[in-house]
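Have a look at the structure below before the remarks.
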Amino acid sequence: MFVASEKRSLDAIFDTFLKSPTIFRNRDVLRPTYVPDELPHREEHITRLGMILSSALRGAAPSNVFIYGKTGTGKTAAAKYVLKHLSEKTKSSEVSIPALKTAYVNCRVVDTNYRVLANLCKEVGLEVPFTGLPTDEVYRRFVEETSDKNVLIIIVLDEVDMLVKKDGDDVLYDLTRINTSLKRGRVSLVGISNDLKFKDYLDPRVVSSLSEEEVVFPPYTAPELQDILRQRASAGFREGVLDDGVINLCAALAAREHGDARRALDLLRVAGESCERAGEQKVSEKHVRTAQNCIEFDTVTETLRTLPLQSKLVLYSIYLLEIHGEEEAITGSVFDVYTELCAQLGLDLLTQRRVGDLVNELDMLGIINAKVESKGRYGRTKKIKLSVPSNQVREVLGEDEALKNVSNYVPKGSRQSS
DNA sequence: AATCCACAGGAAGCCCGGGAAC
DNA sequence: GTTCCCGGGCTTCCTGTGGATT
């Protein structure tokens with residue numbers, strides 16, 4: 013299995029890797045999750061946020077804040093930055109003020125009312141089971157735990173729109189009114205959302221109390237992105253390893269996608285990695301281009317690979333229609349092919365209703381593009397197209413053992429109709 | 001103007017595996 | 001043990017609908 017020559021060549025790879033001087037000084041600085049000591053072009057927003065939250069230093073509960081802005085505009089970083097400095101300040105403060113606790117919840121990960129509350133309980137040192145209790149009970153315990161303590165809790169609900177879309181605004185409603193049930197403890201909320209229309213789904217009472225204050229984060233412009241990249245690059249890369257155009261190109265590419273700093277940083281980091289892997293000493297625009305393809309390809313592959321089996325089957329049906337059918341795939345034909353595949357593999361058949369939902373999920377993931385279209389007398393349906401390369405779909409789905417038996421399947425008659 | 005296709009997509013509720021409380 | 005709750009995947013039943021055709 014493991015031949016000596018292979019071992020030697022692997023050794024050689026490791027050796028060259030160790031010997032060649034790394035171009036990175038500190039790779040972590042280039043990750044989007046890193047919060048630097050300074051956030052360029054967000055001074056205004058940070059000041060604003062700081063002013064709102066500063067009443068914590070006088071022992072009063074700050075107003076609830078709502079932060080809007082698209083992905084990668086620095087919302088989360090700014091919020092974390094301000095909270096970090098705020099809690100440092102409260103510790104060194106001479107005035108006696110309530111203890112400050114901050115709880116950060118990412119509602120994309122923690123996406124049900126129950127789990128948000130369970131998370132908050134954990135933050136105040138209360139263990140609750142991850143299921144089993146009524147939601148009200150978890151809320152009650154949280155109130156009980158915090159009510160008598162002289163503590164101010166600032167709760168950050170990141171991507172809160174995800175929670176509301178999925179599970180309604182009950183928890184938000186409870187949390188905005190929680191202070192009326194607390195004797196000494198106080199709670200302030202910081203909501204973060206990248207959906208500007210998000211307020212429409214909310215109970216008006218929640219809107220008014222949640223957005224007592226609002227801060228909007230505009231997208232970064234290309235020059236601003238350049239500044240951010242330069243700042244991180246100087247800490248992340250060793251001096252002189254970046255070609256001139258590299259930062260500008262990363263910034264330009266990311267600016268094209270609604271000024272996403274996260275994207276820009278990923279590009280820069282991955283460009284560095286691909287340069288390093290090639291054993292080169294200077295990161296050039298070529299590496300940035302490679303990085304762009306690489307990021308795109310990797311995220312798609314990972315998404316495809318982790319799809320549940322039924323979704324894979326639906327996607328595979330769409331793929332088959334795309335390569336064999338003369339016409340565009342529509343819901344009905346996808347369902348037909350999917351039915352054939354299930355019969356072939358001896359799998360349980362889902363209803364068309366459910367398959368429709370799976371199609372929508374694939375659409376949301378950006379793997380396919382589904383558009384409702386009316387063909388007049390011939391009904392209303394969805395036209396479905398792949399929006400990732402078809403050979404990538406074949407490759408990744410082909411890895412799945414469960415789909416091996418249909419790897420060469422051809423849908424019955426390329427369903428020709430009038 | 002009326003009809004009618006081929007679905008879209010909402011609502012309600014089932015079932016299951018997790019667990020808590022009594 | 002019984003009875004309750006939660007969450008996710010799913011089905012059943014249903015009403016709604018854009019626009020070519022009649």
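Using the numbering used here, the first residue of the first sequence is number 13, and each one after it goes up by one. Note that the Cβ used here is the ideal one computed from N, Cα and C, for glycine as well. Just so you know, these numbers come straight off a predicted model, no measurement behind them.
Is DSSP giving residue i helix, strand or coil here?
i	result
S419	coil
V219	helix
D170	strand
F142	coil
K211	helix
I342	strand
E156	helix
N206	coil
Q428	With a pLDDT of only 39 at Q428, under the threshold of 50, the placement of this residue in the model should not be trusted; the figure read from the coordinates follows. Three-state result, Q428: coil.
K254	Just to set this straight, residue 254 is Leu in the shown sequence, not Lys. Correct three-state label for L254: strand.
T124	coil
I58	helix
G388	helix
R189	coil
L266	The sequence shown places Ala at residue 266, not Leu. Helix.
A73	coil
N198	Contrary to the premise, residue 198 reads as Arg rather than Asn in this sequence. Residue state, collapsed to three classes: strand.
Alpha carbon to alpha carbon, what distance is there between residue j and residue i?
i	j	result
L398	Q304	20 Å
A273	E55	16 Å
R242	H299	17 Å
S429	L357	Residue placement at S429 is poorly supported in this model, since its pLDDT is 38, which falls under 50; the coordinates still yield a value, given next. The alpha-carbon atoms of S429 and L357 are separated by roughly 27 Å.
F154	T302	49 Å
D360	L175	31 Å
P230	K294	33 Å
I330	L377	15 Å
G337	E413	25 Å
Y126	L254	48 Å
T369	L319	Note on residue identity: the sequence assigns Asp, not Thr, to residue 369. Cα to Cα, D369 sits roughly 14 Å from L319.
E297	R189	53 Å
V219	N206	16 Å
E167	V117	Note that residue 167 is Ile in the sequence shown here, rather than Glu. Spanning the two alpha carbons is a distance of roughly 8 Å.
Y185	K211	13 Å
R427	D123	Annotation note: pLDDT 41 at R427 (below 50); position unreliable, coordinate value reported separately. Cα to Cα, the separation comes out at about 41 Å.
G388	G81	40 Å
S200	I64	11 Å
S223	E100	26 Å
D27	D256	30 Å
G271	I240	12 Å
N381	A341	11 Å
E269	V172	22 Å
So, under 8 Å CB-CB, residue i and residue j are touching, yes? Tell me the CB distance rounded to an integer number of Å.
i	j	result
P423	L332	5 Å
L69	T102	6 Å
V408	L316	4 Å
G203	F78	5 Å
V346	V371	7 Å
N76	S221	6 Å
Nearest to residue i by alpha carbon, out of the options?
i	options	result
E352	I204, N38, H53 and L415	L415
A111	H97, D160, L164 and P235	L164
G86	E297, I379 and V227	V227
L30	E288, Y328 and N403	E288
D93	E135, E297 and P48	Correcting the residue type first, residue 93 is Tyr in the shown sequence and not Asp. Y93 has its Cα closest to that of P48, out of E135, E297 and P48.
K177	L214, A382, S223 and V202	L214
V258	R281, Y151, S220 and E269	R281
K96	V121, T83, C119 and S66	S66
P401	I379, E100 and E385	I379
D40	A245, T393, V150 and L208	A245
E334	K395, L22 and Y151	K395
Q364	L98, E373, Y350 and L374	Y350
K195	S159, L222 and I240	S159
T88	S221, L327 and I58	I58
I312	I342, A234 and R406	According to the sequence as given, residue 312 is Val; it is not Ile. The shortest C-alpha separation from V312 is found at R406.
E308	R275, R366 and F347	R275
E50	L222, A247, E385 and V384	A247
N417	E339, P74 and Y328	Y328
C133	V150, E236, R392 and R37	V150
L306	D170, G291, S323 and E285	The residue you asked about is not Leu; residue 306 is Cys in the sequence shown. Measuring from the Cα of C306, the nearest candidate turns out to be E285.
State the start and end residues of the unbroken alpha helix (DSSP H) segment that holds residue i.
i	result
T233	Premise fails: T233 is in no alpha helix (DSSP H) and is neither H nor E.
V371	Q364 to M376
S402	S402 to G410
F309	E297 to R317
Y116	Unbroken run through Y116 is the beta strand (DSSP E), A111 to N118; no alpha helix (DSSP H).
H336	L321 to H336
G180	Here G180 belongs to no alpha helix (DSSP H), and DSSP marks it neither H nor E.
E288	A273 to R289
Quick check on the DSSP output: the beta strand (DSSP E) that includes residue i runs from which residue to which?
i	result
F36	No beta strand (DSSP E) contains F36, which DSSP labels as neither H nor E.
A89	Segment K87 to S104 is the alpha helix (DSSP H) holding A89; no beta strand (DSSP E) there.
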